[in-house]
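Quick note, in our numbering, the sequence shown goes up one by one and the last residue is 344.
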Amino acid sequence: MKAFIKKHEYNYIRKRLYDLNNAFKYCVDTNIIEANKAYIQEKILHIFTNLSEEEKEMLDISKISEPLQIDKYLAELNEYVYGMPYITDMQINKLFKKEKKLKLPNPNAQDSKNVYLGWIDESTRKLFVAYNMNGKLIGMKCPITNHGSNNTHMCALCNHIGEENEVAFVSSLCKTDNTKEGAYKSIGFDICLDSEKCNERIVTIEKLEEILRNVNNIK
Ligand SMILES: [Zn+2]
């Protein structure tokens, strides 16, 4: 069986299984636990289309009957998870060719499975994002705006809530059809500064793709 679970789908399954873990822990009524498990099973299957019998079998959580089995199951499942394809420094340079002295991501950043590749150039306070959208590599650079406040922010991609040193407001310049002077527009959003952690939390790519489409003027 080939890898058939995308990284964000795996994150979703893990999140739902933590719910199940809580049900095991705090719920004494086995009927409620079973109902909970059936509900979670439905939720998990719902994010997939065209599963083979073998894949469906792999996603069958009815065999999980206690918390200790959850981590083991997740480790097994992780064998069938894939992230974005590996991208070379040359591809990154090409993606951000307008950047002078582009800082490349840490070579280890692609060792783990990623939904997107994100890294920060501390010297210019910019967060770079590279993502594979339907086989095409796209990116955005996001200058980090510090407000110096203690307000909390919520990451638009993974919904994590944190203070400014964890989740920061960024704004990204959008490409537009009208390239005449003054025709720029930018969009602002909150995003995790630690992309590695964000990649472990993100359960849906809708928002990420929406932002990237906006920035790159993809209709
Ligand atoms: Zn995040």
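Think of the CB as a built atom: it goes at the ideal place given N, C-alpha and C, for glycine as much as any other residue. None of the values given here were measured: they were computed from a predicted structure.
Span separating the alpha-carbon of PHE235 from that of ASP154:
For the sequence presented, residue 235 should be read as Gln rather than Phe. When the Cα atoms are used, GLN235 and ASP154 turn out to be separated by approximately 44 Å.
Rounded distance between the beta-carbons of LEU282 and LEU199, thought under 8 Å
Their Cβ separation, rounded to whole angstroms, is 21 Å, which puts LEU199 and LEU282 out of contact at 8 Å.
Three Cβ pairs or more, each shorter than 8 Å: is that satisfied between the stretch 137-147 and the stretch 186-198?
Segments in contact, yes.
Buried versus exposed call for ASP185 [16 or more other C-beta atoms within 10 Å across all chains shown]
Its Cβ having fewer than 16 others within 10 Å, ASP185 is exposed.
Can you round the beta-carbon distance between GLY264 and PHE221 to whole angstroms, since I take them to be within the 8 Å contact cut?
Indeed they touch by this definition, with Cβ atoms about 6 Å apart.
ILE286 classed as buried or exposed, judged by whether at least 16 other C-beta atoms fall within 10 angstroms
So ILE286 counts as exposed.
Measure the Cβ-Cβ separation of MET126 and GLU179 and say whether it is below 8 Å.
Contact flag set, yes.
Starting from GLU214 and walking both ways along the alpha helix (DSSP H), at which residues does that stretch end?
Inspection of the sequence shows that residue 214 is occupied by Asp rather than by Glu. Note, ASP214: alpha helix (DSSP H), 214-220.
Below 8 Å, how does it come out for the stretch 289-303 and the stretch 318-337: are there three or more Cβ pairs, yes or no?
Contact annotation: the stretch 289-303 touches the stretch 318-337, with at least three C-beta pairs closer than 8 Å.
Is there contact between the stretch 211-228 and the stretch 163-183, where contact requires at least three CB pairs shorter than 8 Å?
Three or more beta-carbon pairs separated by less than 8 Å are not found between the stretch 211-228 and the stretch 163-183, which leaves the two stretches without contact.
If we count the other Cβ atoms within 10 Å of its Cβ and call it buried at 16 or more, is GLU134 buried or exposed?
Within a 10 Å sphere around the beta-carbon of GLU134 sit 16 or more other beta-carbons, which makes this residue buried.
I need the DSSP call for PHE149, collapsed to helix, strand or coil.
Three-state result, PHE149: helix.
Rounding to the nearest angstrom, what Cα-Cα distance links ILE330 and ILE138 in this structure?
Between the alpha carbons of ILE330 and ILE138 lies a distance of about 14 Å.
Which partner residues does LYS131 have in the DSSP bridge list?
DSSP lists TYR207 as the beta-bridge partner residues of LYS131.
Name the residue from ASN136, ILE189 and MET183 whose alpha carbon lies nearest to the alpha carbon of ASN161.
When each option's Cα is compared against that of ASN161, the closest is ILE189.
Assigned exposure category for SER311 - 16 Cβ within 10 Å defines buried:
Residue environment: SER311 is assigned as exposed (fewer than 16 neighbouring CB atoms within 10 Å of its CB, all protein chains considered).
Any heavy atom of ligand 1 closer than 7 Å to the beta-carbon of ILE316?
Taking the Cβ of ILE316 as the reference point, at least one heavy atom of ligand 1 falls within a distance shorter than 7 Å.
Just verifying my parser: in three-state terms, what is the DSSP assignment at MET183?
MET183: helix per DSSP, three-state reduction.
Nearest candidate by alpha-carbon position, reference VAL340, set THR270, GLY273, LYS266 and ASN271
Of the listed residues, the one whose Cα sits closest to VAL340 is LYS266.
Start and end residues, beta strand (DSSP E) containing THR277:
Segment 277-279, the beta strand (DSSP E) holding THR277.
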